[in-house]
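Residues 71 to 428 in this note's numbering are what the sequence shown lists, from first letter to last. We put the CB at the ideal spot given by N, CA and C, even for glycine. Single-structure report; data block below.
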Amino acid sequence: VNMVTGVFVTHLFEYEELMQNAERGAHQGTEKNRYLNFQNELSAFQRSCLEASRGGSLSEREKDVHAGCILNFIRNFVSQIFQDERAKDFKMLLVSCFKSLRQSPAVKGLGPRDPKICTPIASLVLGNILASVLEALQTPAFSLVVLKIRKRVFENHMNRKNAAKGESDFDRLDVAELLLDRVLYNVQALAKVFQRSVHKQMFQVQFPTKVREAPKEEPESRQICDEIRDFTCQVLHHELMEVMRSSERSGGWMEEAQDPIAAELATDLYMSHFTLQNTHVSMSISDLLAMANILYRHRKDMLPPDDPKDKLAEVLEEVMTRRQLEKPRKEDGVLITEETAEYHQHGHLWLAQQHGEW
Numbered sequence: 071v072n073m074v075t076g077v078f079v080t081h082l083f084e085y086e087e088l089m090q091n092a093e094r095g096a097h098q099g100t101e102k103n104r105y106l107n108f109q110n111e112l113s114a115f116q117r118s119c120l121e122a123s124r125g126g127s128l129s130e131r132e133k134d135v136h137a138g139c140i141l142n143f144i145r146n147f148v149s150q151i152f153q154d155e156r157a158k159d160f161k162m163l164l165v166s167c168f169k170s171l172r173q174s175p176a177v178k179g180l181g182p183r184d185p186k187i188c189t190p191i192a193s194l195v196l197g198n199i200l201a202s203v204l205e206a207l208q209t210p211a212f213s214l215v216v217l218k219i220r221k222r223v224f225e226n227h228m229n230r231k232n233a234a235k236g237e238s239d240f241d242r243l244d245v246a247e248l249l250l251d252r253v254l255y256n257v258q259a260l261a262k263v264f265q266r267s268v269h270k271q272m273f274q275v276q277f278p279t280k281v282r283e284a285p286k287e288e289p290e291s292r293q294i295c296d297e298i299r300d301f302t303c304q305v306l307h308h309e310l311m312e313v314m315r316s317s318e319r320s321g322g323w324m325e326e327a328q329d330p331i332a333a334e335l336a337t338d339l340y341m342s343h344f345t346l347q348n349t350h351v352s353m354s355i356s357d358l359l360a361m362a363n364i365l366y367r368h369r370k371d372m373l374p375p376d377d378p379k380d381k382l383a384e385v386l387e388e389v390m391t392r393r394q395l396e397k398p399r400k401e402d403g404v405l406i407t408e409e410t411a412e413y414h415q416h417g418h419l420w421l422a423q424q425h426g427e428w
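Okay, structure coming up:
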């Protein structure tokens, strides 16, 4: 019996749906076998959500290279927020929240050294930041990121020296394509788990009609979510307490809690305006088309009438779409058969929103 392995599943009906899609109606084995396979996948997912120092003997932990990998992902993300200068705005947000929480009546009964005081901040990190980014991976805006993931999956698989048992019977490129689908599925599944770690009610939102009766959350699934939330609280609390101690030694929270974004944006605006070097920015295609439409629509208010070689006019003439004239006309002896026009809302802009990139 073929099995679907290496997937982040927390409920039996999730696994059965994957089996049905994989087998396309073929024989899937007995109900007992399906349940045992699901339990194996759930146990593997649980190990990835437990700290590597917990559970099993030392030799078992060393063999399981994926043990604690999800917790390591969360730890590295939080550490990067507090250490990387590029994430200063996120650091400011979390420090400001922590500063307010310590004085809030909502945490009455919790000491400032209790990691549970960071539960609302953990909700922000897991449910709003990490889960939102992972969910967005399936949108057109992140298609380049998906291509990078695809390249890494294919490289890792094609460079393997020893094929898995039975894998030699299949084309390695086909297997790599299936692995990519599995990776992308796991990304979306992890986003759902992060959301449920924060909001218990999210289970009913995510799985409203998966089974005939109202679905119930598996105890193991709830345990995974609780482990992730508690671990995130501990990591955040450790980092925030370090910031607090450092700030108290320097005389206050001012540097970490202030919002420097407005000043930095103003500085970047003037620096990019006066620099003689080419400045590279990243924008979605749909935003660029919408901005081009706005500039074109209000060009008469911005372009000097006595300067036919204005740079903005030249750029708009080059980038705007062109449409055929129903009745060609002559201008200065030249037959004009087409003219510049705005990008169509239900044509160009719709395609950019569905399939555009950054």
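Taking only three categories from DSSP, how would you classify glutamine 374? Within the sequence shown, residue 374 is the residue found at index 304, counting from 1. The amino acid at residue 374 is misidentified as glutamine; the sequence shows proline. Of the three classes helix, strand and coil, the one that applies to proline 374 here is coil, per DSSP.
Length-filtered (4 minimum) alpha helix (DSSP H) runs lying within the region 355-402: 355-367, 369-372 and 381-389
Of the residues Val313, Ser356, Gly181 and His368, which one's Cα is nearest the Cα of histidine 416? Stepping through the sequence shown from its first residue, residue 416 is reached at position 346. Of the listed residues, the one whose Cα sits closest to histidine 416 is Ser356.
Starting from alanine 201, follow its DSSP beta bridges and name the residues at the other end. If you number the sequence shown from 1, residue 201 lands on position 131. Answer is none; alanine 201 lacks a bridge partner.
Decide if phenylalanine 344 is buried, meaning its Cβ has at least 16 other Cβ atoms within 10 Å, or exposed. Position 274 of the sequence shown, counted from the first residue, corresponds to residue 344. Flag for phenylalanine 344 reads exposed.
Roughly how many whole angstroms lie between the Cα atoms of glutamine 276 and glutamate 121? For the purposes of this step, residue 276 is taken as residue 206 along the sequence shown, with counting starting at 1. For the purposes of this step, residue 121 is taken as residue 51 along the sequence shown, with counting starting at 1. Each residue's alpha carbon lies about 27 Å from the other.
My understanding is that leucine 382 touches methionine 390, with C-beta atoms under 8 Å, so please give their C-beta distance in whole angstroms. Sequence index remark: in the sequence shown, residue 382 carries index 312 (1-based). Sequence index remark: in the sequence shown, residue 390 carries index 320 (1-based). Contact doesn't hold; Cβ gap of about 12 Å is too wide.
Pull up the CB-CB distance for phenylalanine 264 and alanine 201, whole angstroms please, since I reckon it's below 8 Å. Numbered from its first residue, the sequence shown carries residue 264 at position 194. Numbered from its first residue, the sequence shown carries residue 201 at position 131. Correct: roughly 4 Å between the Cβ atoms.
Tell me where the alpha helix (DSSP H) around valine 215 begins and ends. Looking up residue 215 in the sequence shown gives position 145. Taken as a continuous stretch (DSSP letters only), the alpha helix (DSSP H) holding valine 215 covers 213-228.
Alpha carbon to alpha carbon, what distance is there between glutamate 401 and isoleucine 151? Position 81 of the sequence shown, counted from the start, is the residue given in the question as residue 151. Position 331 of the sequence shown, counted from the start, is the residue given in the question as residue 401. Rounded to the nearest angstrom, the two C-alpha atoms are 59 Å apart.
With a threshold of 8 Å on Cβ separation, who are the neighbours of arginine 399 within its own chain once the five nearest residues in sequence on each side are excluded? As a first step, residue 399 must be located in the sequence shown, where it is residue number 329. Hits under 8 Å: Leu405 and Ile406.
Buried or exposed (CB count within 10 angstroms, at least 16 for buried), arginine 299: Along the sequence shown, one-based indexing puts residue 299 at 229. It counts as buried.
Could you check if threonine 337 is buried or exposed, using at least 16 other CB atoms within 10 Å of its CB as the buried criterion? If you number the sequence shown from 1, residue 337 lands on position 267. Counting Cβ neighbours within 10 Å, threonine 337 comes out exposed, since fewer than 16 surround it.
Three-way DSSP call (helix, strand, coil) for leucine 207 in this model: The residue given as residue 207 occupies position 137 in the sequence shown. DSSP places leucine 207 in coil when its eight states are reduced to three.
Could you give the first and the last residue of the continuous alpha helix (DSSP H) run that contains leucine 151? Taking the sequence shown and counting its residues from 1, the one referred to as residue 151 is at position 81. The displayed chain sequence assigns isoleucine, not leucine, to residue 151. Unbroken alpha helix (DSSP H) run through isoleucine 151: 139-153.
Report the partner residues of isoleucine 406 according to the DSSP bridge assignment. Residue mapping note: residue 406 aligns to position 336 of the sequence shown, counting from 1. Answer is Arg399, bridged to isoleucine 406.
Report the option in Asp377, Asp376, Leu339 and Arg367 whose CA atom is closest to the CA atom of histidine 414. As a first step, residue 414 must be located in the sequence shown, where it is residue number 344. For histidine 414, the nearest C-alpha among the options comes from Arg367.
Do three or more CB pairs link the region 246-261 to the region 212-231 at distances below 8 Å? yes
With burial defined as no fewer than 16 other Cβ atoms inside 10 Å of the residue's Cβ, what is the status of serine 170: buried or exposed? Here residue 170 refers to the residue found at position 100 when the sequence shown is read from its first residue. It is exposed - the Cβ of serine 170 has fewer than 16 other Cβ atoms within 10 Å.
For alanine 137, is the classification buried or exposed, using 16 other Cβ atoms within 10 angstroms of its Cβ as the cut-off for buried? For this step, residue 137 is matched to residue 67 along the sequence shown. So alanine 137 ends up on the buried side.
In the DSSP assignment, the alpha helix (DSSP H) including isoleucine 191 goes from what residue to what residue? Start at 1 with the first residue of the sequence shown, and residue 191 comes out as number 121. Start and end: 189-193.
Please list, in chain order, all residues of the same chain as glutamine 116 whose beta carbon is under 7 Å from its beta carbon, the five residues on each side excluded. The sequence position of residue 116 within the sequence shown is 46, counting from 1. Taken in chain order, the residues that qualify are Glu290 and Ile294.
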